[in-house]
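> Before I ask anything, here is the structure I am working with.
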Amino acid sequence: MVKPFVPELVYIEPRALDYPLGRELRDKFEGMGIEIRQTTSHNQVRNLPGENDFQKYRMAKSTLVVGVRKTLKFDTSKPSAEYAIPFATGCMGHCHYCYLQTTMGSKPYIRTYVNVEEVFDAADQYMKERAPEETRFEASCTSDIVGIDHLTHTLKHAIEYFGKSEHGRLRFVTKFAHVDHLLDAEHNGRTRFRFSMNADYVIKYLEPGTSRLDDRIEAAAKVAKAGYPLGFIIAPIYLYDDWKEGYRVLFEKLHDKLPDYATKDLTFELIQHRFTKPAKRVIQKNYPMTKLEMDEEKRKYKWGRYGIGKYVYQTNEQEDIQQTLGGYIEQYFPEATLEYFT
Ligand code: SF4
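The following block contains the structure:
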């Protein structure tokens with residue numbers, strides 16, 4: 047079982063200590079005997095230990111910066127929500143295909159924001175603008191928020207905040223099974239708790255540092271028993287030799303382990319593997335031994351925004367994915383909703 051994340055090194059921005067959570071985290075990490083360094087801004091987090099980029103990258107993924115979120119303008123987050131709500135950035139996981147490798151560039155460390163009340167106030171403004179329509183907030187656009195929440199409990203507060211709200215809904219997705227502290231949160235059904243699931247092969251070879259399949263399924267069952275609306279993102283759907291059987295086993299296991307009532311309001315999101323040329327270069331640098339197949343010749347090119355196209359599966363392969371996984375959903379979870387395939 048992958049252990050809950052504990053940083054090797056912590057940076058604290060001085061302004062973070064103006065907030066109760068900042069002081070609480072400082073005391074907690076001091077008590078845990080973790081090295082703490084002061085920094086005036088996260089951009090100054092340089093000189094991470096390590097002799098080369100490869101080592102520095104790994105160290106950064108074990109480094110936590112406790113900071114203050116300055117930008118309280120939220121990004122949009124289609125198709126799953128109206129807005130991305132910022133509680134943290136970066137992730138301790140080592141998924142070879144992860145998009146954070148390109149979006150976080152040279153700063154792959156993890157940041158957690160302590161001015162949570164200010165983030166809630168901003169969310170409140172967004173909800174007011176759209177009321178009486180509901181506003182959905184996605185909390186995992188730039189991190190795997192559950193993966194660090196056992197340390198901060200920020201997500202737990204957010205779940206309870208939106209639980210009390212009239213027009214707000216929260217959603218997030220995780221590859222981590224450390225959910226116990228979230229089970230008694232008063233969510234009032236307003237948070238959709240999603241797990242990223244995959245065939246065992248993909249988790250085993252392409253998602254090091256994250257919770258294993260059976261642990262994720264067990265966590266999903268606990269979350270369902272705690273009454274949360276549940277969802278699964280199957281991503282990235284990856285075509286390896288025996289993929290049809292691998293994904294079938296996934297659905298069978300989910301079906302066997304989840305309580306029946308959880309399957310009535312269950313959502314699935316299906317996302318095929320894709321890569322861009324710049325991402326391929328970064329992946330090969332950070333994970334030179336990866337088994338991840340990224341052969342442009344075998345893929346279909348899809349024009350993208352900002353001129354950076356992506357490589358997806360061929361049309362017939364996409365149809366096969368849709369039919370195969372769509373078929374499993376119908377077979378094992380006939381009452382579930384398939385939200386999209388992309
Ligand atoms: Fe990226 Fe998610 Fe894996 Fe973290 S768990 S490395 S955010 S894909």
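Residue 74 in this note's numbering sits at position 28 of the sequence shown, and the numbers go up by one each step. Note that CB positions come from ideal geometry on N, CA and C, so glycine has one too.
1) Which residues in the same chain have their Cβ closer than 7 Å to the Cβ of Q84, if we skip the five residues on either side of it in sequence?
2) Which whole-angstrom value describes the C-beta separation of G292 and Y247, a residue pair presumed to lie in contact below a C-beta threshold of 8 Å?
3) When every heavy atom of the ligand SF4 is checked, does at least one fall within less than 8 Å of the C-beta of G151?
4) Between Y333 and the ligand SF4, is there a pair consisting of the residue's CB and a ligand heavy atom that are separated by less than 8 Å?
5) Taking the alpha carbon of Q147 as the point to measure from, which residue in S189, V219, L55 has its own alpha carbon closest?
6) Between A267 and L316, how many whole angstroms is the CB-CB distance? I'm expecting something under 8 Å.
7) Using a Cβ-Cβ cutoff of less than 6 Å, which residues in the same chain neighbour T383 once the five nearest sequence positions on both sides are dropped?
8) Tell me the rounded alpha-carbon separation between N93 and Y103.
9) Any heavy atom of the ligand SF4 inside 8 Å of the beta-carbon of F222?
10) Note down the Cα distance separating E12 from H142, rounded to an integer number of angstroms.
11) Can you tell me whether F166 is helix, strand or coil according to DSSP?
12) Where in the stretch 259–301 do unbroken runs of the alpha helix (DSSP H), each at least 4 residues long, occur, reported from the N-terminal end onward?
13) If you draw a straight line from the C-alpha of H227 to the C-alpha of K49, how long is it?
14) According to the Cβ coordinates, are F241 and R262 closer than 9 Å?
15) One question on the structure: do P282 and H224 come within less than 9 Å of each other, judged by their Cβ atoms?
16) What I want to know is whether the C-beta of S189 ends up closer than 8 Å to one or more non-hydrogen atoms of the ligand SF4.
17) Which full runs of the alpha helix (DSSP H) of 4+ residues lie inside the stretch 103–167, going along the chain?
18) What is the residue span of the beta strand (DSSP E) that R217 lies within?
19) Would you list the one or two residues that DSSP bridges to R83?
20) Counting C-beta neighbours from all protein chains within 10 Å, is the total for F100 16 or more, i.e. buried, or is it exposed?
21) On the three-pair Cβ rule with 8 Å, is the stretch 249–256 touching the stretch 198–214?
22) Drop a sphere of 10 angstroms on the beta-carbon of K348, count the other beta-carbons inside from all chains shown, and report buried for 16 or more, exposed for fewer.
23) Nearer than 8 Å: is that true of the beta carbon of Y145 relative to any heavy atom of the ligand SF4?
24) Taking DSSP as the reference, what is the three-state secondary structure of Y343?
25) Return the CA-CA distance between K310 and G373, expressed in angstroms with no decimal places.
26) Going residue by residue through the stretch 169–236, where are the continuous beta strand (DSSP E) segments of at least 3 residues, counting only ones entirely within it?
27) What residues are listed by DSSP as bridge partners for E431?
28) Taking the beta carbon of R327 as the centre, do at least 16 other beta carbons fall within 10 Å, making it buried, or is it exposed?
29) Does the ligand SF4 have a heavy atom nearer than 8 Å to the CB of T256?
30) Identify every run of the alpha helix (DSSP H) within the stretch 315–387, keeping only runs that are complete inside it and at least 4 residues long; order them along the chain.
31) Cβ atoms of Y145 and L110: under 9 Å apart, would you say?
32) Spatial neighbours of F387 within its chain, please: C-beta separation below 6 Å, excluding the five flanking residues on both sides.
33) Can you tell which of M335, T336, Y357, G350 has the C-alpha that lies nearest to the C-alpha of K344?
34) Alpha carbon to alpha carbon, what distance is there between K346 and T361?
35) Would you say the beta carbon of G193 comes nearer than 8 Å to a heavy atom of the ligand MG?
Let me spell this out:
1) I58, P60
2) 5 Å
3) no
4) no
5) S189
6) Going by Cβ atoms, the distance from A267 to L316 rounds to 21 Å, so no, they are not a contact pair.
7) Cβ neighbours of T383 beyond the five flanking positions: T313.
8) 12 Å
9) Checking the Cβ of F222 against the ligand SF4 gives yes.
10) No statement about residue 12 is possible, as the shown extent of the chain runs from 47 to 388 and does not include it.
11) helix
12) 259–271
13) Distance between the alpha carbons of H227 and K49: 15 Å.
14) yes
15) no
16) At least one heavy atom of the ligand SF4 is found less than 8 Å from the C-beta of S189.
17) 146–149
18) 214–220
19) Y57
20) Note on F100: under 16 other CB atoms within 10 angstroms of its CB, so exposed under the neighbour-count rule.
21) no
22) K348 should be labelled exposed.
23) Flag set: Cβ of Y145 near the ligand SF4.
24) A small fix is needed here, since residue 343 is Glu in this sequence, not Tyr. Reduced to three states, the DSSP call for E343 is helix.
25) 17 Å
26) 181–184, 214–220
27) Outside the modelled stretch of the chain, which goes from 47 to 388, sits residue 431, for which no answer is possible.
28) exposed
29) yes
30) 323–332, 361–378
31) no
32) L316, Q368
33) Y357
34) 8 Å
35) The model on display carries the ligand SF4 but not the ligand MG.
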